[in-house]
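Add 21 to the 1-based position in the sequence shown for our numbering, that's all there is to it.
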Amino acid sequence: MFRKLLRTENDYLLTMTRVILGVVFFPHGAQKMLGWFGGFGFDGTMAGFMREGIPALFAFLAICAEFLGSIGLIFGFLTRIAAFGIACVMSVAISMHIHNGFFMNWTGIQKGEGIEYHLLALAITVLLMARGAGALSLDRAFGRQSQKREAQGRELAFNR
């Protein structure tokens with residue numbers, strides 16, 4: 022099962038997509054986890070989520086998904102899990118923002134942010150969950166090592 026989790030093609034477009042999504046999400050995760058980029062940090066974010074009625078466990082998972090998931094995406098480590106975490110966060114964000122409509126609030130005309138950003142991020146996570154990390158990823162490196170060990174094991178078993 023772990024081999025399937027790491028399986029990916031030597032695809033540079035997947036690499037580019039994965040890294041860009043990771044870079045976009047890192048500041049959001051760092052705001053929530055570390056208080057960087059004007060964020061409230063872990064304690065402040067947890068308190069804010071809980072004020073909004075989000076249970077502590079789900080608030081914790083959301084913070085971890087954005088912060089650790091973004092790092093995982095940047096390095097291509099456990100990409101499918103990282104993408105799944107971010108997909109969950111984006112799905113919840115869509116449900117919380119859908120009443121604001123489709124468009125982002127660039128001009129301040131509507132009450133809040135729409136869902137277009139969340140939909141784009143969700144679509145990218147679906148691609149990464151389906152296809153994996155691509156080239157230049159830890160998943161690919163570890164997956165290839167795992168395949169070599171399996172092949173050696175089969176060869177040893179065959180030669181016995």
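Using N, Cα and C, we set each Cβ at its ideal position, and we do this for glycine too.
Fair warning: this is a prediction, and the values are worked out from it, not measured in the lab.
DSSP, read as helix, strand or coil, puts residue 131 in coil. The beta carbon of residue 43 sits closer than 6 angstroms to those of 91, 94, 95, all from its chain and outside the five residues before and after it, given in chain order. In the DSSP annotation of this structure, the continuous segment of the alpha helix (DSSP H) that includes residue 38 starts and ends at 33-55. If you draw a straight line from the Cα of residue 164 to the Cα of residue 144, it comes to about 25 angstroms.
For the segment 96-129, the continuous alpha helix (DSSP H) assignments of 4+ residues that do not extend past its boundaries occur at 100-118, in sequence order. According to the DSSP assignment, residue 145 belongs to the alpha helix (DSSP H) that extends over 137-152.
Residue burial annotation: residue 146 is buried, with at least 16 other C-beta atoms found within 10 angstroms of its C-beta.
Cβ contact annotation for residue 58 (same chain, cutoff 7 angstroms, sequence separation greater than five): 48, 51, 52, in chain order.
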